[in-house]
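The numbering of the sequence shown is the UniProt record's numbering, which starts it at 1 and goes up by one. The structure under discussion appears below in the form of structure tokens.
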Amino acid sequence: MNFRFIHTADWQLGRPFAQFESELAAQLADARLGVIERIAKVAQDEDVKHVLVAGDVWDTASPSDKLLRQPLDRMRTTDVANWWLLPGNHDPAEPHGLWDRLHAIGLPDNVRPLTQATPVSLSDNVTLLPAPWMSKAPGRDLTAEFGSVSTPPDTLRIGLAHGGTCSFFDQSPQSAAIAENRAATAGLDYLALGDWHGVQQVDERTWYAGTPEPDRFPNNEPGSVLVVELAKCELPIVKPVKTALYTWTRDRLDCQDGVDPCAEATELFDAHGPRHRRLSRLELHGALRLDTRMRFLNFLEQERQSLAHLRLKSSGLLSLADPDALDEIDREGTLRDTATNIVAVMNDEDRPEDERATARRALDYLAAFAAGSA
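Set out below in structure tokens:
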């Protein structure tokens, strides 16, 4: 008998995104809420009836009533038979906390909070072993008891937990870190984990699903859910399926004189879906003629308006100066004289490299000042 389900985690509904302007922050928060329908669509396409959420459904332990009700209403109206919700470190099942509030509000029939470390039957011969967080500091590996839970020999055993494995903490393991070999020691057919915000395989039976909607820039494969198929005595078949609405990328452009940087940037910005749903952290490196560099930075400021967000770091992009390029700053007068003196320092091979590097930065600042005062 094969059993198929969706493994997801780290929805963190209600995340504020305070680092962005209010309009974008609201759009990103709405995209996280909308992931419920997108996951339901994957479940429909894959003919899956169970969605396992491995912790941090909400971003905080005290969300508003509205933020509690809206996800419930969205899950209720889907065709998913069971949404299994595990408390994590952001939303632990503390007394009189959000999980008690959920029960007071009234849960849809297809929403199943896992607030006790009690085995649950998902189907004939399929048992789910949950490890909910009951506080923000449990002080132990919550999966340690999985091995002591007995099930019939032909039962598929699925563990559901939240937290980093021991390798995440290297020299100073956290007391709640999960043993990397837990699937093997507990006889699990699959261990579904949350906490790491990208898709990550720990071993042949242990996976992190990552967040289904990205919320940060690290390139760790966020924005998916895992469709998992299990059969007794066989390795899991795990298929990531994209669910992200927005794309967050760390980007780098290595510029060189003679190659159009504007064309390269355009190609980069067009490479990952619609621009209005693209958040880019772009680092510039290399060297361009001063006039080309100034035009390129102006171009990027214009392109910024077409993107959801652009965070630009240009300190690694150096200026190549020549007399014609200095005309971009000024043709005569104090600014031109200052620029000429700076270039002399830049080109003086007898000077220490740190002085020449400082001069290059000074020329860039002077060029930016001249452009702003023009």
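All C-beta atoms in this analysis are idealised placements derived from N, C-alpha and C, irrespective of residue type, glycine included.
Contact between Ala-61 and Gly-97 holds, since their C-beta atoms are separated by about 6 angstroms, short of 8 angstroms. When the Cα atoms are used, Arg-74 and Leu-282 turn out to be separated by approximately 36 angstroms. In this model, Ala-177 and Leu-107 are separated by some 31 angstroms (Cα to Cα).
Shown here, Tyr-365 sits in a helix according to DSSP, grouped into three states.
Under the three-state reduction of DSSP, His-309 is assigned to strand.
Sixteen is the threshold: since fewer than 16 other Cβ atoms of the shown chains lie within 10 Å of the Cβ of Ser-121, the residue is exposed. The Cβ atoms of Thr-78 and Ala-40 lie closer than 8 angstroms to each other. Counting along the chain, Arg-289 sits inside the beta strand (DSSP E) bounded by residues 278-289.
Less than 8 angstroms divides the Cβ of Ala-265 from the Cβ of Leu-300.
Gly-194 places its beta carbon 8 angstroms or farther from that of Asp-59. The C-beta distance from Val-228 to Pro-236 rounds to 6 angstroms, short enough to fall under 8 angstroms. In terms of Cβ geometry, Trp-133 and Ala-93 form a close pair [threshold 8 angstroms].
Non-local beta-carbon contacts of Ala-81 in its own chain, meaning distances under 8 angstroms to residues more than five positions away in sequence, involve Lys-49, His-50, Asn-110 in chain order. About 5 angstroms separates the beta carbons of Arg-38 and Thr-243, which is inside the 8 angstroms limit, making them a contact pair. CA-CA distance, Glu-46 to Pro-240, rounds to 12 angstroms.
DSSP places Glu-301 within a helical segment (H, G or I) once states are collapsed to three. Leu-24 is positioned such that its CB atom lies no closer than 8 angstroms to that of His-197. Straight through space, the alpha carbons of Met-294 and Asp-354 are spaced by roughly 23 angstroms. Gly-97 carries a coil assignment under DSSP once its states are collapsed to helix, strand and coil.
Take the alpha-carbon of Gly-139 and the one of Pro-352: they are about 54 angstroms apart.
Across the structure, Arg-278 and Ser-175 are spaced so that their CA atoms are roughly 38 angstroms apart. About 6 angstroms separates the CB atoms of Leu-68 and Ile-105; that is less than 8 angstroms, so the two are in contact.
A residue is called buried when at least 16 other Cβ atoms come within 10 angstroms of its Cβ; Ala-271 does not meet this threshold and is exposed.
8 angstroms or more divides the Cβ of Leu-33 from the Cβ of Val-53. The alpha carbon of Pro-113 has as its nearest neighbour, out of Asp-124, Pro-130, Gly-187, the alpha carbon of Pro-130. A residue is called buried once 16 or more other Cβ atoms fall within 10 Å of its Cβ, and Arg-101, having fewer, is exposed. When the five nearest sequence neighbours on each side are left out, the beta carbons in the same chain lying within less than 6 angstroms of the beta carbon of Thr-206 are those of Ala-183, Leu-191, in order along the chain. Scanning the segment 102-182 from its first residue to its last, the whole beta strand (DSSP E) runs of 3-plus residues come out as 111-113, 120-123, 126-130, 156-162. Residue Leu-188 holds the alpha-carbon nearest to the alpha-carbon of Cys-233 among Leu-188, Asn-341, Gln-19. For Asp-203, DSSP records a beta bridge to Thr-206.
Residue state for Asn-82 is assigned as strand, using DSSP reduced to three classes.
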